[in-house]
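Enquirer: Questions regarding the structure given below will be posed in turn.
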Amino acid sequence: MKSILITGANGGIGQACARAFLADHPENQVFLGCRNGRAGAETVVQAFPGQARVLALDVTSAVSWDDAVAEIMRETGRVDVLINNAGTHQDGLLATMATEHWDEVIATCLTGTFLGCRAVVKMMMRQRFGRIINVASLSALLAPAGQTNYAAAKAGVVALTQSLAKETARAGITVNAICPGYIRTDALGSDPAALTEWAQRVPARRLGTPEEVAGLAMYLAGELAGYVTGSVIKMDGGIL
Ligand code: NDP
0 MKSILITGAN GGIGQACARA FLADHPENQV FLGCRNGRAG AETVVQAFPG QARVLALDVT
60 SAVSWDDAVA EIMRETGRVD VLINNAGTHQ DGLLATMATE HWDEVIATCL TGTFLGCRAV
120 VKMMMRQRFG RIINVASLSA LLAPAGQTNY AAAKAGVVAL TQSLAKETAR AGITVNAICP
180 GYIRTDALGS DPAALTEWAQ RVPARRLGTP EEVAGLAMYL AGELAGYVTG SVIKMDGGIL
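Sequential numbering from 0 applies to the sequence shown in numbering that gives the first Met the number 0.
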């Protein structure tokens, strides 16, 4: 049995990760961290009664992290897997970027990941076991124009991942980053022309699926990945 916390779990990739871990083992307990929206996460909970629950978790708030982790500890006594998946983007050229858009993206993607890792790492050290999976982005590696805030935040997540992996490896904890390319979720919007255009830019000629990201997360959380840490794994249909 594993106790698993997924942030941004109302979104496409978060829901897919939750379903994958729940289907993997009937004793897994999955906590779906949600900020505002909960409808998608609730459908996962309904599909796996007794195995999953929604938790209030705004990743930008240290207090919210403390409350969420305390609740999980009361329920299961441990957190085995943390998936720092919550994210947001506010694209635009730097010359006209509002400070609020810079701050929001850094707070959610980078500070949120820092706060999440800090909220669980001491306890994982005591357990002598932990799997931290940070959902970064291909933008961390490609740094496209129009995404200075998002690319910087996600590149920060990559560096945090590599640094924390070195701090925790001896305690049986792995810390890895996934860098997805175009994955078909609400984050890409729903304009069919734009989706088709993006798919044409991908050597694989299609968008990735949230289930494919979840499959990689499952691998990184599993027994066979115990020697994989500090790794940055892109999943982009061959773009980079
Ligand atoms: P979604 O927009 O479907 O989901 C993102 C989720 O993050 C939403 O549920 C949102 O909550 C949540 N969130 C945003 N801010 C906060 C916050 N402060 N606290 C808690 N939750 C928050 O997008 P994806 O599922 O596609 O994205 C998941 C991750 O994957 C993100 O980190 C994203 O950057 C990354 N990614 C996605 C790619 C893609 O092509 N889809 C490509 C590369 C990376 P709410 O419902 O309340 O708004």
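Don't be surprised by glycine CBs; every beta carbon is placed ideally from N, CA and C.
Keep in mind that this is a model prediction, so the values were computed, not measured.
Measuring CA to CA, which of Arg77, Asp90, Thr160 is closest to Lys121?
Expert: Looking at the Cα atoms, Arg77 is the closest of the given residues.
Enquirer: Compare the Cα-Cα distances from Val227 to each of Met124, Leu215, Trp197 and report the closest residue.
Expert: When each option's Cα is compared against that of Val227, the closest is Leu215.
Enquirer: Taking 8 Å as the cut-off, is the beta-carbon of Asn175 closer than that to any non-hydrogen atom of the ligand NDP?
Expert: No, the Cβ of Asn175 stays beyond 8 Å of every heavy atom of the ligand NDP.
Enquirer: Please check the pair Gly260 and Trp64, which I expect to be a contact at CB under 8 Å, by giving their CB distance rounded to whole angstroms.
Expert: For residue 260 there is no data in the structure shown, the boundaries of the chain being 0 and 239.
Enquirer: Using 10 angstroms around the beta-carbon of Leu159, count the other beta-carbons present and answer buried if the total reaches 16, otherwise exposed.
Expert: By the 10 Å Cβ count, Leu159 comes out buried.
Enquirer: Assign Thr95 to one of three DSSP states: helix, strand, or coil.
Expert: Looking at Thr95 - three-state DSSP - the assignment turns out to be helix.
Enquirer: If you compare alpha carbons, which of Gln28, Lys233, Leu54 is closest to Leu140?
Expert: When each option's Cα is compared against that of Leu140, the closest is Lys233.
Enquirer: Name the two residues that bound the continuous beta strand (DSSP E) containing Arg52.
Expert: Here the beta strand (DSSP E) through Arg52 covers 51-55.
Enquirer: Could you give the C-beta distance for Asn27 and Gln50, rounded to a whole number, given that I count them as a contact under 8 Å?
Expert: With a Cβ gap of about 7 Å, Asn27 and Gln50 count as contacting.
Enquirer: Compute every distance between the C-beta of Asn35 and the non-hydrogen atoms of the ligand NDP, then say whether any falls below 8 Å.
Expert: The answer is yes for Asn35.
Enquirer: Which class does Gly188 belong to by DSSP, given the choice of helix, strand or coil?
Expert: Correct three-state label for Gly188: coil.
Enquirer: List the DSSP bridge partners of Ala176.
Expert: DSSP lists Asn133, Val231 as partners of Ala176.
Enquirer: Using CA atoms only, rank isn't needed, just tell me which of Ser2, Ala40, Ala22, His24 is closest to Gly11.
Expert: If we check each option's Cα against that of Gly11, Ala40 comes out closest.
Enquirer: Could you pull out every unbroken beta strand (DSSP E) segment of at least 3 residues lying fully inside the region 2-30, listed in chain order?
Expert: Complete beta strand (DSSP E) runs here, min 3: 2-5.
Enquirer: Quick one: residues in its chain with C-beta nearer than 6 Å to the C-beta of Met123, no 5 flanking neighbours on either side, listed in chain order?
Expert: Taken in chain order, the residues that qualify are Gly129, Ile172.
Enquirer: For a test of your reading of the model: does the CB of Val44 fall under 8 Å from any non-hydrogen atom of the ligand SAH? Yes or no.
Expert: As for the ligand SAH, it is missing from this structure, which binds only the ligand NDP.
Enquirer: Got a sec, what are the start and stop residues for the alpha helix (DSSP H) Val68 sits in?
Expert: Residues 61-75.
Enquirer: Have a look at Asn84, Glu74, Ala69 and flag the residue whose alpha-carbon is nearest the alpha-carbon of Ala186.
Expert: Looking at the Cα atoms, Asn84 is the closest of the given residues.
Enquirer: What first and last residue would you give for the beta strand (DSSP E) that runs through Leu206?
Expert: First-last for Leu206: undefined, no H or E at that position.
Enquirer: Given a cut-off of 9 Å on the beta-carbon distance, is the pair Val134 and Ile71 in contact?
Expert: Against a cut-off of 9 Å, the Cβ pair of Ile71 and Val134 comes out as no contact.
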